[in-house]
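Structure record follows, encoded as structure tokens.
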Ligand code: SF4
Ligand code: SF4
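Chains as they are written, first to last, in the numbering used here: chain A, -13 to 429; chain B, 7 to 337.
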């Protein structure tokens, strides 16, 4: 069975919510919709305090090239545009809306009918995707329309669809593949048309047999879409690792997948594209997994963007006693939250609740030079060495060791028997090195 | 519900690995050879092993607690390994006080003075052994014969090691075929029925331990295989050239602590290279040096010196032989 060859680890899967169907989370009384929800420039608000909005109405525009539109996820009145705490731990601008009813824009098709026929051409698809505010829902939140515009001189051969969900615990993509298989495949066909490619490969790890079977069965009716079963190995959901696993090509250091003829999108993104193009529904909600070993009912929720996390958690009845850590995202790459008073955003695929006992890190001891971090690193770096250089402030040497190739997958820290916080030190070094690079190019 | 959460960088889960697990895994892997040494050398072996292990633990504890004033980590098992390996490298009738000095050198000088586990450039047990060899050459090279000495602590009936017999004989101009009658049979060599230091005698017990470590992913195959193969090929070629002076390669593999060195000493993760390529280079280097010292050097046995010499090259090897990087091939 296929997988990537370099590095990788096997964290405990803990897919506790894999069998729990997607439930619809109710609508809170206010939502806070942050303006910075995508990679790149923040969006610019186009509504004012006191203005009435409907579900799906454009409320902020992505003006820069790498930026994205934002739509209201509820109907009601704009209370204010103010700084709030978001998942990053910093205060950032958000549009705060008081909810009144649930009135949608007329043109949005809210029926459950599946619309198969694709009536738009390439350019139209790209502009609908752009207008609808679709971003990469795997967590990177890169504006999707930018990925669909293949740069001059490059050619896309394959559309790669990421259904790997290699992070432990998270199951939102898994559920989508099971419950929205048909929509997903139409979404993929739309992306293929936009990219002008004849082949799309969906990569799914073999711990999701039901999803593989479901999509394989459905894919028979879709030309050019293949479902590939992959061996379970973290971080297979990394773009470069997934491409390597599926078509055995290596994206060169510092380059994008298009260099080897690929464009990678997440299954959640493909579903959002379906809704945007076929149903005229902008990206106003997403699937979020609420899970953890102490959580009573680990589940998956369809949540409106801007819903306070505390609201979602109380709806899920998932704030058990003795919680020590709340993670936005999976346990390998997610971010520990300081507070629950943050809104659900486009990039939030799940929240993992950890009890106090698991929240602490292991004690750190001397590096015993066992080399396990090297064998774990999917990029073939030497984490122990970069961490050491970083501690000694030798950032130029870090650059030489290709620290910027580090994808922050955490495999090195995960694996280190001495419990060394390797990735912490590597992150410091990445920050410094990117400063150095910036300074150099400014000269 | 408290709202004070632990905030730390990812990853938020940790694998099931720890220094303790690795080190105690090595200790477990040493048990078969230890039992064999108890069987052949009896009470002498038991007391030497106990003394070595307890003095290593004691020295490490005292240094960490009273001199470095840091967290005491003797329970991680690394000092136990050093103790057992040091005991494995001496004859069973070595006076106890010499053993204590050897343990002192291994732990205090070769390990703790560099900053403890992970920072030492040389294998501590080997430094301890080489120190003893140079300081007490007579006691370190009178080897009790197996079985007959089970119940004696000192004053054992001693004889030379197989490699010693060979080196003596060859230097006196005798030929391999005439010496062969004085040497133990290969089956004896394989199970360990020969004179020698505690842990070096039984190839089979050492190999079992090695396979266990491979299975538990404590070591990889690169160093032991490249080391042993190199010695085999090197001595094999010489044997083909002139079998009267150069004994066959199987003899070299089964004697002189080659298995002990290749499986347990050269693979010490602290003092061996990091990348697979580097490990192969290291193993080959150890093999070549071992064969050179054995055949043309002053000592009959070359494993300790070979590994220590190669230890010094590790930083260089780490610089020169990097792991394969992603995105390297398709340029
Ligand atoms: S976090 Fe970076 S250095 Fe560590 S294993 Fe992942 S890619 Fe390698
Ligand atoms: S895994 Fe940890 S102990 Fe092993 S080499 Fe890497 S940093 Fe050192």
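All C-beta atoms, glycine included, are put in the ideal place defined by N, C-alpha and C.
All values derive from a computational prediction rather than experimental measurement.
Alpha-carbon to alpha-carbon, residue 135(B) and residue 30(B): Counting from one through the second chain, the residue named residue 30(B) turns up at place 24. Counting from one through the second chain, the residue named residue 135(B) turns up at place 129. The straight-line gap from Cα to Cα measures roughly 22 angstroms.
Could you give the distance in angstroms between the alpha-carbon of residue 178(A) and the alpha-carbon of residue 228(B)? Position 192 of the first chain holds residue 178(A). Position 222 of the second chain holds residue 228(B). Cα to Cα, the separation comes out at about 46 angstroms.
For chain B, check one thing: does any of its Cβ atoms lie closer than 8 angstroms to the Cβ of residue 148(A)? Counting from one through the first chain, the residue named residue 148(A) turns up at place 162. No, residue 148(A) does not count as interfacial toward chain B.
Residue 413(A) beta carbon near ligand 2 (any heavy atom closer than 7 angstroms): Mapped onto the first chain, residue 413(A) falls at position 427. It does not: the Cβ of residue 413(A) is nowhere closer than 7 angstroms to a heavy atom of ligand 2.
Let me check understanding here. Comparing Cα to Cα, which of 22(A), 50(A), 60(A) and 410(A) lies closest to residue 38(A)? Stepping through the first chain from its first residue, residue 38(A) is reached at position 52. Considering only alpha carbons, the answer is 60(A).
Within 10 Å of its beta-carbon, does residue 322(B) have 16 or more other beta-carbons around it, so buried, or fewer, so exposed? Sequence index remark: in the second chain, residue 322(B) carries index 316 (1-based). The residue is exposed, with fewer than 16 neighbouring Cβ atoms inside 10 Å.
Quick one: residues in its chain with C-beta nearer than 8 angstroms to the C-beta of residue -13(A), no 5 flanking neighbours on either side, listed in chain order? Taking the first residue of the first chain as 1, we reach residue -13(A) at position 1. Counting only Cβ-Cβ distances below 8 angstroms, and skipping sequence neighbours, we find 192, 215, 216 and 217.
Residues of its chain near residue 148(B), where Cβ-Cβ distance is below 6 angstroms and the 5 sequence neighbours each way are ignored: Within the second chain, numbered from 1, the residue matching residue 148(B) stands at position 142. Within the same chain, residue 148(B) has close Cβ partners 164.
Mind checking who residue 277(A) pairs with in its DSSP beta bridge? Your numbering for residue 277(A) matches position 291 in the first chain. Paired residue(s): 338(A).
Please confirm whether any heavy atom of ligand 2 lies closer than 7 angstroms to the CB of residue 408(A). In the first chain, the residue the question calls residue 408(A) occupies position 422. Result yes, Cβ under 7 angstroms from ligand 2.
Cβ distance (whole Å) where residue 341(A) is taken to contact residue 280(A) below 8 angstroms: The residue labelled residue 341(A) in the question sits at position 355 within the first chain. The residue labelled residue 280(A) in the question sits at position 294 within the first chain. With a Cβ gap of about 5 angstroms, residue 341(A) and residue 280(A) count as contacting.
Please give me, in chain order, every unbroken run of the alpha helix (DSSP H) with length at least 4 that falls completely inside the segment 146 to 183 of chain B. Counting only runs of 4 or more, we get 168 to 177.
Identity of the residue in 171(A), 181(A), 182(A) and 186(A) nearest residue 201(A) by Cα: Looking up residue 201(A) in the first chain gives position 215. Relative to residue 201(A), the option among 171(A), 181(A), 182(A) and 186(A) whose CA is nearest is 171(A).
Given that residue 272(A) touches chain B, what residues does it touch there, using C-beta distances under 9 angstroms? Against the first chain, residue 272(A) aligns to sequence position 286. In chain order: nothing, as chain B lies at least about 21 angstroms away.
Give the secondary structure of residue 8(B) by DSSP, where H, G and I count as helix, E and B as strand, and everything else as coil. Working through the second chain from its first residue, we reach residue 8(B) at position 2. Unreliable placement is indicated for residue 8(B), whose pLDDT of 48 sits below 50; the coordinate value is still reported in the next sentence. Residue 8(B): coil per DSSP, three-state reduction.
Residue 210(B) versus 221(B), 198(B) and 220(B), residue with shortest Cα-Cα distance: Stepping through the second chain from its first residue, residue 210(B) is reached at position 204. Among 221(B), 198(B) and 220(B), the Cα nearest to that of residue 210(B) belongs to 198(B).
Got a sec, what are the start and stop residues for the alpha helix (DSSP H) residue 159(A) sits in? Walking along the first chain from the start, residue 159(A) turns up at place 173. Counting along the chain, the alpha helix (DSSP H) containing residue 159(A) begins and ends at 158 to 165.
From 166(A), 12(A), 5(A) and 116(A), residue whose alpha carbon lies closest to that of residue 47(A): To locate residue 47(A), count along the first chain from 1; it is residue 61. When only C-alpha atoms are compared, the closest one is 116(A).
Taking any Cβ of chain A, which residues in the segment 14 to 40 of chain B have a Cβ under 8 angstroms from it, in chain order? 14, 15, 16, 17, 18, 19, 20, 21, 23, 24, 25, 27 and 28
Quick one, which of 96(B), 120(B) and 94(B) has its alpha-carbon nearest residue 70(B)'s? On the second chain, position 64 is the one that residue 70(B) refers to. When only C-alpha atoms are compared, the closest one is 120(B).
Which residues does DSSP list as the beta-bridge partners of residue 288(A)? Here residue 288(A) refers to the residue found at position 302 when the first chain is read from its first residue. Residue 288(A) is bridged to 10(A) and 273(A).
Using the Cα positions of residue 344(B) and residue 182(B), report the straight-line distance between them to the nearest angstrom. Outside the displayed span of chain B (7 to 337) sits residue 344(B), for which this structure offers no information.
Quick one: which residues of the segment 280 to 300 of chain B get their C-beta closer than 7 angstroms to a C-beta of chain A? List them in chain order. 280 and 281
Taking 8 angstroms as the threshold (beta carbon to beta carbon), is residue 222(B) in contact with chain A? Taking the first residue of the second chain as position 1, residue 222(B) is located at position 216. Residue contact check for residue 222(B) against chain A: no CB pair falls below 8 angstroms.
For residue 68(A), which beta-bridge partners are listed by DSSP? Counting from 1 along the first chain, the entry for residue 68(A) is found at position 82. Per DSSP, the beta-bridge partners of residue 68(A) are 80(A).
Sort 346(A), 14(A), 110(A) and 418(A) by Cα distance to residue 380(A) and report the nearest one. Reading the first chain from its first residue, position 394 is the one you call residue 380(A). If we check each option's Cα against that of residue 380(A), 418(A) comes out closest.
With which residues is residue 62(A) paired in a DSSP beta bridge? Residue mapping note: residue 62(A) aligns to position 76 of the first chain, counting from 1. According to DSSP, which records beta bridges pairwise, residue 62(A) is partnered with 39(A) and 85(A).
Pull up the DSSP beta-bridge partners for residue 273(B), would you. Sequence index remark: in the second chain, residue 273(B) carries index 267 (1-based). Beta-bridge pairing links residue 273(B) to no other residue.
Indicate whether at least one CB of chain B lies closer than 8 angstroms to the CB of residue 352(A). Counting from 1 along the first chain, the entry for residue 352(A) is found at position 366. Cβ-Cβ to chain B under 8 angstroms: yes for residue 352(A).
Using 7 angstroms as the cut-off, classify the Cβ of residue 362(A) as near or not near the heavy atoms of ligand 1, replying yes or no. The residue given as residue 362(A) occupies position 376 in the first chain. Yes; taking the cut-off as 7 angstroms, the Cβ of residue 362(A) has a heavy atom of ligand 1 nearer than that.
Who are the near neighbours of residue 358(A) in its chain, counting only those whose CB is closer than 8 angstroms to its CB and skipping five residues on each side? Along the first chain, one-based indexing puts residue 358(A) at 372. 401, 402 and 403, listed in sequence order.
Checking the sheet assignment: what are the DSSP bridge partners for residue 0(A)? Here residue 0(A) refers to the residue found at position 14 when the first chain is read from its first residue. Paired residue(s): none; residue 0(A) is not in a bridge.
Exposed or buried, residue 52(A), counting other C-beta atoms within 10 Å across all chains shown (16 or more means buried)? The residue given as residue 52(A) occupies position 66 in the first chain. Exposed.
Does any heavy atom of ligand 2 sit closer than 7 angstroms to the C-beta of residue 223(B)? Within the second chain, the letter at position 217 stands for residue 223(B). For residue 223(B), the shortest separation between its Cβ and any heavy atom of ligand 2 does not lie below 7 angstroms.
Hey, quick one: how far does the alpha helix (DSSP H) through residue 213(A) stretch, first residue to last? Along the first chain, read from residue 1 onward, the residue named residue 213(A) stands at position 227. Here residue 213(A) belongs to no alpha helix (DSSP H); instead the beta strand (DSSP E) covers 211 to 216.
Beta-carbon within less than 7 angstroms of residue 128(B)'s beta-carbon, same chain only, minus the 5 sequence neighbours each way: which residues are those? If you number the second chain from 1, residue 128(B) lands on position 122. 116, 277, 314 and 317.
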